[in-house]
Amino acid sequence: MDAQRRDDITGWDAREFSDGFDGLRRFADRGFSGAATNGAGWLFLFDGQVVGTVDADLDAFADASGTVYEAPHESLPVLFAMQERGGEPRAQYYTNDTPLSAADRKLSQGGFTGYIELSENVLSGDYYVVYTGGTSMSAAYVGNARRLETGADAFELADDEVGIYAVYAVELDVRELPAPERDAAEDGTTGRVVVDPTADGETDANGPGDDVGGAGDDVGSADFGADSAADAVDSGADAADSDGPSPRPDEPASAGATETESVTGDHGESDDDPTGVSREPGETTGTGAGGDGRDGADFDPDTQTSPISGTGSFDDASARDGDDDTEETDPADDVFSEETRWREETSIPSLDPSETRDAAGPSGDGSDGQTTSPTDRSAESGSRSRSDAASAESGPSPGSQEDPSPAPRSTERSDGASVSSEPTADVRDRIRELEAALAEAESAREELAAERDAIREEHDAIREERDQLRRRVEELRSEVDRLRGELSEAESRLPEGDRSLSPGEALAETNLFVRYDSKGGATLDDAHDGAVDRTELRENLRIEHHTSFETEGVVVDGKPFEEFLRGTIEYGFTRWLVEELTFEVDETGNTDALRDLYDALPEIDRAEIRGSVSLVLRDSGEETREQRSFDLVLRDRLGNPLFIAELNDSRAPTQGGVLESLVANGGDLAGSNDAFAGAFAVTASFFEPDALETASGAVGGGLFNRSKRKSFVRMSRKRGFHLCLVESRDGGFHLTVPDL
Numbered sequence: 015m016d017a018q019r020r021d022d023i024t025g026w027d028a029r030e031f032s033d034g035f036d037g038l039r040r041f042a043d044r045g046f047s048g049a050a051t052n053g054a055g056w057l058f059l060f061d062g063q064v065v066g067t068v069d070a071d072l073d074a075f076a077d078a079s080g081t082v083y084e085a086p087h088e089s090l091p092v093l094f095a096m097q098e099r100g101g102e103p104r105a106q107y108y109t110n111d112t113p114l115s116a117a118d119r120k121l122s123q124g125g126f127t128g129y130i131e132l133s134e135n136v137l138s139g140d141y142y143v144v145y146t147g148g149t150s151m152s153a154a155y156v157g158n159a160r161r162l163e164t165g166a167d168a169f170e171l172a173d174d175e176v177g178i179y180a181v182y183a184v185e186l187d188v189r190e191l192p193a194p195e196r197d198a199a200e201d202g203t204t205g206r207v208v209v210d211p212t213a214d215g216e217t218d219a220n221g222p223g224d225d226v227g228g229a230g231d232d233v234g235s236a237d238f239g240a241d242s243a244a245d246a247v248d249s250g251a252d253a254a255d256s257d258g259p260s261p262r263p264d265e266p267a268s269a270g271a272t273e274t275e276s277v278t279g280d281h282g283e284s285d286d287d288p289t290g291v292s293r294e295p296g297e298t299t300g301t302g303a304g305g306d307g308r309d310g311a312d313f314d315p316d317t318q319t320s321p322i323s324g325t326g327s328f329d330d331a332s333a334r335d336g337d338d339d340t341e342e343t344d345p346a347d348d349v350f351s352e353e354t355r356w357r358e359e360t361s362i363p364s365l366d367p368s369e370t371r372d373a374a375g376p377s378g379d380g381s382d383g384q385t386t387s388p389t390d391r392s393a394e395s396g397s398r399s400r401s402d403a404a405s406a407e408s409g410p411s412p413g414s415q416e417d418p419s420p421a422p423r424s425t426e427r428s429d430g431a432s433v434s435s436e437p438t439a440d441v442r443d444r445i446r447e448l449e450a451a452l453a454e455a456e457s458a459r460e461e462l463a464a465e466r467d468a469i470r471e472e473h474d475a476i477r478e479e480r481d482q483l484r485r486r487v488e489e490l491r492s493e494v495d496r497l498r499g500e501l502s503e504a505e506s507r508l509p510e511g512d513r514s515l516s517p518g519e520a521l522a523e524t525n526l527f528v529r530y531d532s533k534g535g536a537t538l539d540d541a542h543d544g545a546v547d548r549t550e551l552r553e554n555l556r557i558e559h560h561t562s563f564e565t566e567g568v569v570v571d572g573k574p575f576e577e578f579l580r581g582t583i584e585y586g587f588t589r590w591l592v593e594e595l596t597f598e599v600d601e602t603g604n605t606d607a608l609r610d611l612y613d614a615l616p617e618i619d620r621a622e623i624r625g626s627v628s629l630v631l632r633d634s635g636e637e638t639r640e641q642r643s644f645d646l647v648l649r650d651r652l653g654n655p656l657f658i659a660e661l662n663d664s665r666a667p668t669q670g671g672v673l674e675s676l677v678a679n680g681g682d683l684a685g686s687n688d689a690f691a692g693a694f695a696v697t698a699s700f701f702e703p704d705a706l707e708t709a710s711g712a713v714g715g716g717l718f719n720r721s722k723r724k725s726f727v728r729m730s731r732k733r734g735f736h737l738c739l740v741e742s743r744d745g746g747f748h749l750t751v752p753d754l
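So this is what it looks like as structure tokens:
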């Protein structure tokens, strides 16, 4: 058995049983609905009757003991039995196209046996509607907790859901629990059907007549089991005793009276027969050609059983009823055959209007259109069987000898055939209306089918896109995990530090200072005078730093602060300016051409990174002060700005706009600070041609430039500054403008 169903069953109320069938019958006699297990197999019971077995035969429970589980609702054992038996899937419908309530009406009207399962594309739960001969029962398992809902509440929940439901046709093997052998021996009726004509007591033979001619009547519902069929035989016989067929206008009244008296005797009581009249299944009762012209052939199971969809043709039945030939048959056998065929019927009434025939429309089978319930049909069968038996015993009735007209049932069918063979104008109009409605329904069905196909294609496309997105999500998750692993590995290699700063924050709070190991050693003044060489100056000069924060334990860009600082362009340019530029100018003989710059180099005391300079601007005799910031400001001991520098440590080339801004700021600075000597543009890449043109234009370069100073921006006759362009290559710095 399915594991989920086993879990559901073992959650029901449980009780123990023993003594095999005897123990189970104690529950069955009370109309028990649920499941029983002997530890190996399972037995499903509905209203005391066996509707299915799983993992064992019914005989395995003959002497078994075990546990019975009472179902919280009678639909569950029938549903589980059908699911375990495995039905045949007949159709699938989308609830927006065919509502569940519409399918329920069709299946109920058609006497369907099986179940509906609504679970595909439904997130809220699983919904079921179980049918037994058209009678429906509903159950639902809602939510992840599988909360059980039953009855009307379950059906309403299912009808409100949107999804795809499937229709399964299932043949149930409905059986009674086997009776004890001693009971069968006492009754002496093993293998027999017992009919008690005195079961209902006295009956009135003058009751209203029943119509027995509807051989193609619709089947609305049916009860479980062979015992129910036997009950139908008994009730049919009693109905025949009490309500015999009314005399037809075309037959004498005496005929009907003779038939009734021959069966019921005096007021429906049988004095001659014993209380229990039994007939072997193989026995047949025959009649002659006389009587009322009706014999055992009149009750033909093939003509009595209608398709479970509620529609069908009765031409063959009418043809057989019209035969004058006689057959020998047992009415009780016919009833059981009919019941067996009803159980085996699994056809599903179509939910498509184009495939459904209107039962109310005209038919060419001569049926009178009357529908009967199973009880009525059983009554008819019993009435005809009892009447046939009486006819066989009493011989031809007087009425039939005087009037050789056919039986009332044959007359009815002949009349119906004559009417349907000449349809009236109203009938023809009705046919045209139905044909038009059918054509319209077919057109609507085609449109809905096309719409359904389009929705399915869209659904498939969305599903494919969803799968692609899921794969992409998995790829991204894998990438995130990989990057997290790399980050963790990189963090493990980082030096331990108490705090971390960004490069901008660290440089903005840092100043560089030019200091010497010994005052008596080589200094910038000595280098300016030519008294020392590079090596001596480097050995004695050092660049110190001062910060506004504690550098111990500080990490910048994944490196300790001091290691980070020595690798910056600010630090490298400052060291090159004080250690190298003096010697390059002196060695190339450009001391006079760069006199102001050359004389200011020994005065450098400190370099302020991200520093600002105060400017005094004069306009129309009015003075205004401004603060302007630069990447690097080099000052003397008194704090006067000697040089400014704009630094570019990216791979992008320096544009002409940078030079224009540098020249303008240098001019304002030279006008307000007498100590200012030069402006530097430093790049780790190169200078664009427009930057070189800007520099050339600012220094007055050209054929007619007679200035003895190189790269000098003149502000007045006595004031100006040197404009220098420096490129950084492989950690070193090279003066590009002026060309030494």
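Okay, so the sequence shown: first residue is 15 according to our numbering, each after it adds one. In this text, a Cβ means the ideal position worked out from N, Cα and C, and glycines have one as well.
Separation of S742 and F700 (C-alpha to C-alpha, rounded to the nearest whole angstrom) is 9 angstroms.
Taking 8 angstroms as the cut-off, the beta carbon of L132 is found closer than this to the beta carbon of G177. In the structure shown, the three-state DSSP call for Q482 is helix. Note that the C-beta distance between L191 and F58 is not below 8 angstroms. Judged by DSSP secondary structure, V184 falls outside any beta strand (DSSP E); it is assigned neither H nor E. F690 sits away from G586, with the two beta carbons spaced by 8 angstroms or more. The continuous alpha helix (DSSP H) containing W590 extends over residues 583–593. For V176, no beta strand (DSSP E) segment is defined, and its DSSP state is neither H nor E.
For the region 601–630, the continuous beta strand (DSSP E) assignments of 3+ residues that do not extend past its boundaries occur at 620–623, in sequence order. G680 carries a helical assignment under DSSP once its states are collapsed to helix, strand and coil. Its chain contains D663, S742 as the residues whose beta carbon lies nearer than 6 angstroms to that of A698, once the 5 sequence neighbours on both sides are disregarded; these appear in chain order.
Secondary structure of D27 (DSSP, three-state): strand. One thing to note: V627 has its Cβ no nearer than 8 angstroms to the Cβ of V599. Between S562 and E523, the C-beta gap is smaller than 8 angstroms, which places the two residues in contact. By the neighbour-count criterion, in which a residue is buried when 16 or more other Cβ atoms sit within 10 angstroms of its Cβ, I23 is buried. The Cβ atoms of V68 and V92 do not sit closer than 8 angstroms to each other. F578 and E500 have their C-alpha atoms spaced approximately 22 angstroms apart.
For R651, the secondary structure class from DSSP, reduced to helix, strand or coil, is coil. Remark: C-beta atoms of L114 and A153 do not approach each other more closely than 8 angstroms. The straight-line gap separating the alpha-carbon atoms of V740 and R498 is approximately 41 angstroms. Going by DSSP, V713 is part of no alpha helix (DSSP H) at all; its letter is neither H nor E.
Residue range 538–543 is occupied by the alpha helix (DSSP H) that includes H542, with no beta strand (DSSP E) assigned at that position. The residues V630, L631, in chain order, have a CB closer than 8 angstroms to that of E637 in the same chain once the five nearest residues on each side in sequence are set aside. Collapsing the DSSP output to three states places A54 in coil.
According to the DSSP secondary-structure assignment, H559 is paired through a beta bridge with L526.
Per DSSP, the beta bridge partners of T149 are T146. Secondary structure note for S115: its alpha helix (DSSP H) is the uninterrupted segment 114–123. Residue pairing by DSSP places P574 opposite V569 in a beta bridge.
DSSP, reduced to helix, strand and coil, places D633 within a strand of the structure shown. For Q97, there is no enclosing beta strand (DSSP E); the enclosing alpha helix (DSSP H) has its first and last residue at 89–99. Sixteen is the threshold: since fewer than 16 other Cβ atoms of the shown chains lie within 10 Å of the Cβ of E30, the residue is exposed. The Cβ atoms of D645 and R624 sit closer than 8 angstroms to each other.
Under the three-state reduction of DSSP output, Q669 falls in the coil class, being neither helix nor strand.
Between V181 and A105 a beta carbon distance of about 5 angstroms is seen, short of the 8 angstroms cut, so the two are scored as contacting. Between the alpha carbons of A76 and D33 lies a gap of roughly 8 angstroms. With a cut-off of 8 angstroms on Cβ pairs, the region 730–738 is in contact with the region 602–613, counting three or more such pairs.
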